[in-house]
Structures are given as C-alpha cells and as structure tokens.
C-alpha cells in the first residue's frame, strides 16, 4: 500500500501509474451495468455505429485510471477529492487495448483552514499501446500532512 | 428505449432522470474493483476516517448518473461524448442514500462540419433524499439529427 503524504508530492513530479489491458468481456460487463448504449454492449450493433466497433464507456476509462491512481499513490493519507476540473475522452478505447496511466503534479497547496492537510492539483492521462492519448483530465485530491 | 434526436433537445429544458437507492453491498462491490480506498471498502476503517463511515466512490456516483441518463435520454441518436467540463463531488454518498438525477440543457449547437449531428451542453445533478446536491457536472454530448 502506498504511503504518500502531502509533503511527499511535489509540483512537476510525474508518476507512472502502470498498465492494464481491457478485455471485451470486462468492457461489456461494465457497460451493461452503467452505460448500456449499443456501441458499448453489443458488438454487432457497434459495427454499424459511428465508432465502427465496440468501445469502452468513458466512465470505465476513468475508473481504470482511478484504480491505477489508488494502487500507486493513495494510502492512509488520502482524504478524497472535491472533483474534476476537466476531463476529455480523446480517442476510443477498444477491446484488447493496453492502457498506460500517467500523473503529473501541477501544484500542491497547503490548506489555509486545516493545518493537517493540503490539496494537490494533477494532470491525469491514459495512453494506449499506439501512443494515442485516450483520456486526459485535470483534477484535485486532498492529502494529510505528516506533521 | 428513448429516441431523442438533436432537434428534440432544447436549451432550458429540464429532464428528471429518476431515482436509485445505493446499497452498502453494491457500494463496496464497485469500490473493490475500481477505487479500493479504506473509506470505500471497509466499514470499520471508514468509521475512523475523515468521512466517519463508508462513502461511495465518486466514480460510482458518476456512473449511477450516467445509467440514469442512458435510460432516460440516450437512444439511437446518441453519438458519445467528448468529455466533462467540470465535475464536483459536493457531499458524501452513503449506503442507503436515495439519489435523484436531474439534467438541464444549457445549450444546443449544430455541428459546423457535420450536418448530420449537433452537440448539447448539459448540467447534470444528483441530489440525495435530504435535498443535498451530492454531485454537479457540466458536460457535452453528441446527438444525430433527424434530417
């Protein structure tokens, strides 16, 4: 389990979050529950769609990124997130794609009201096996301080 | 299945997206897969956290909203989304909470390059049983045109 505190995370640092291959089965399973549009759940209908084949729900791409972020950076000092500043789905994610997550720390600001924590602003990206960025996001996260 | 085309969706319109109660079991199931932080997956550890008890992953709150949006508005004319302009997690979602989704159409713009489609900009909100807004989001969606 990672154990990063606010003080450990510095603007300009880049974290590699790891790699994950998306299977058709898990893509359909996620979409059936949360985003059952034909181009996410039905391979035949997806062929006829504007996407030309099955693509992952953008919410799944975000969730995959989140899981990488948790596994790499979020430990006992993580205090949740107030939200996302901007998220763009730049290219489709297709079955068999291998996604690599990356995080850049944009800034780190101690809380003015809570001396025991601070907030980082991050750039999150997900890139596929061809080097195409499929998702890019700017968001924030709260972290506890060591002292 | 809804069958809304670009022309059917007008700025200022408000769509009620329905209601869903979040169980502890589904909250933990989602978080174990996508966001396994202690305050999302472990009821005992969550009590000791800053949240004072188990809360849903924000990605699940977004996914619940997405499912409501699909069921209410997205049919054969839906053409995906370029992304989210802003998303805020405003209050925790806890086991047993009943969430109500709402969507307001902010604007609707025909594509300048593709005569067969247009893009809507929307405000999405999720409110709990006490009237507290737990999530608010501004995003975009592409829709096919009838003509």
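Chains as they are written, first to last, in my numbering: chain A, 98 to 244; chain B, 98 to 244.
Yeah, the Cβ is synthetic: ideal placement off N, Cα and C, and Gly gets one too.
#1: Quick one: what does DSSP say residue 112 of chain B is sitting in, helix, strand or coil?
#2: Distance cutoff 8 Å, beta carbons only. Does residue 132 of chain B sit that close to anything in chain A?
#3: Count the other CB atoms, across all protein chains shown, that sit within 10 Å of the CB of residue 158 of chain A; report buried if there are 16 or more and exposed otherwise.
#4: Quick one: which chain B residues come within Cβ less than 7 Å of residue 209 of chain A?
#5: By the criterion of Cβ-Cβ separation under 7 Å, what are the contact partners of residue 176 of chain A in chain B?
#6: Spatial neighbours of residue 215 of chain A within its chain, please: CB distance less than 7 Å, with the 5 preceding and 5 following residues excluded, ordered by chain position.
#7: Is the shortest distance between the beta-carbon of residue 196 of chain A and the beta-carbons of chain B less than 8 Å?
#8: With a threshold of 8 Å, are at least 3 pairs of Cβ atoms found where one atom belongs to the stretch 117-127 of chain B and the other to the stretch 148-165 of chain B?
#9: Any C-beta of chain B sitting closer than 8 Å to the C-beta of residue 185 of chain A?
#10: Among A:164, A:217 and A:203, which one has its Cα closest to the Cα of residue 179 of chain A?
#11: Would you say residue 200 of chain B faces chain A, with C-beta separation under 8 Å as the test?
#12: Among residues of its own chain, excluding the 5 on either side of residue 176 of chain B, which ones have a beta-carbon nearer than 7 Å to its beta-carbon?
#13: Can you list, in chain order, the residues of its chain whose CB lies under 6 Å from that of residue 185 of chain B, leaving out five sequence neighbours each side?
#14: DSSP state of residue 65 of chain B, grouped into three classes?
#15: Under 8 Å, do residue 172 of chain B and residue 99 of chain B count as touching if we go by C-beta distance?
#16: If I follow the unbroken beta strand (DSSP E) through residue 153 of chain B, where does it start and stop?
#17: In chain order, what residues of the same chain lie with their CB nearer than 7 Å to the CB of residue 132 of chain B, ignoring the 5 residues before and after it?
#18: Does any residue of chain A bring its CB to less than 8 Å from the CB of residue 119 of chain B?
#19: For residue 219 of chain A, would you say it is in contact with chain B, using Cβ-to-Cβ distances shorter than 8 Å as the test?
#20: At 7 Å on the CB atoms, spell out the chain B contacts of residue 160 of chain A, in chain order.
#21: Find the nearest neighbour of residue 198 of chain B within the set B:210, B:168, B:183 and B:181, judged by alpha-carbon distance.
Reading it off the structure:
#1: strand
#2: yes
#3: buried
#4: Those do not exist, as residue 209 of chain A stays about 17 Å from chain B at its closest Cβ, beyond 7 Å.
#5: 147
#6: 103, 205, 206, 207, 208, 240 and 242
#7: no
#8: yes
#9: yes
#10: A:217
#11: no
#12: 214, 239, 240 and 241
#13: 233
#14: This structure does not reach residue 65 of chain B, given that chain B is present from 98 up to 244, and the question cannot be answered.
#15: yes
#16: First-last for residue 153 of chain B: undefined, no H or E at that position.
#17: 154 and 156
#18: no
#19: no
#20: 131 and 156
#21: B:168
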